[in-house]
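**Q** This structure is in structure tokens; I'll ask about it shortly.
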Amino acid sequence: GITFWSMIYIPIVVAMASKQNVLGAIDGGLIALLSGGVAVLLSFLLIPVLSKIKK
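So for the sequence shown, this note's numbering puts the first residue at 14; every next one is plus one.
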């Protein structure tokens, strides 16, 4: 009962919040989507640099 709902509550809230973030970004226009894409692209480009630092 209570244990089940306490374990399932957080993933549902996170999923609802992420859906609202995506809808807000789409409603916010092209600039919001473009800035998100640039952030993801920069993160992907940093992977080789960070992997060399570890070695």
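C-beta: ideal position from N, C-alpha, C; glycine also.
#1: Hey, how far is the Cα of residue 52 from the Cα of residue 29?
#2: Quick one: grab the DSSP three-state call for residue 14.
#3: To the nearest angstrom, how far is it from the Cα of residue 25 to the Cα of residue 35?
**A** On the basis of the coordinates in this document:
#1: Whole-angstrom Cα-Cα distance: 22 Å.
#2: Under the three-state reduction of DSSP, residue 14 is assigned to coil, being neither helix nor strand.
#3: For residue 25 and residue 35, the distance between alpha carbons rounds to 16 Å.
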